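Asker:
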Amino acid sequence: MRIAMSYFVELENGKTAWLAVGKSAENAKILEERPMLIPDFGKVLRHKETGEISYGHWLKDDSADNWEEIDEPQEEQGAE
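Here you go:
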């Protein structure tokens, strides 16, 4: 897993948006910068205390130490 920066921006048309990690917008004004915990491909994040599953987690009031990386759960085949 890795930590990457995500950005809350104001676009030229006045709208605001979160930019996905690795994306950019020309002429956007950065309003907030926040680190995001990203799992490796084929993995998900699981909170060590709550068991919450996430494909990415903003580290605003949390630490990367509270998360672990696990294999992505496989969907179960339903009975036909």
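Residue numbers for the sequence shown, in numbering that gives the first Met the number 0: 0 to 79. Each residue gets a CB set at the ideal place from its N, CA and C atoms; glycine is no exception. Remember, predicted model here, so these are calculated numbers, not experimental data.
1. Should E71 be counted as a contact of the ligand FAD given a C-beta to heavy atom distance under 6 Å?
2. Just checking, does the region 56-69 make contact with the region 32-46 on the three C-beta pairs under 8 Å criterion?
3. Any idea which residues DSSP pairs E51 with across the strands?
4. For V8, report the span of its beta strand (DSSP E) as first-last.
5. Answer with buried or exposed for W66, where buried requires no fewer than 16 other C-beta atoms within 10 angstroms of its C-beta.
6. Within this structure, are the beta carbons of F7 and E31 separated by less than 7 Å?
Answerer: Considering the structure as presented:
1. Looking for the ligand FAD in the displayed structure turns up nothing, as the structure carries no ligands at all.
2. Taking 8 Å as the limit for Cβ pairs, the verdict is that the region 32-46 does touch the region 56-69.
3. Residue mapping note: residue 51 aligns to position 52 of the sequence shown, counting from 1. Paired residues: none, contrary to the question.
4. Counted from its first residue, the sequence shown places residue 8 at position 9. Per DSSP, V8 belongs to the beta strand (DSSP E) from R1 to E9.
5. If you number the sequence shown from 1, residue 66 lands on position 67. Result: buried.
6. Counting from 1 along the sequence shown, the entry for residue 7 is found at position 8. Counting from 1 along the sequence shown, the entry for residue 31 is found at position 32. In contact: F7 and E31 (Cβ atoms closer than 7 Å).
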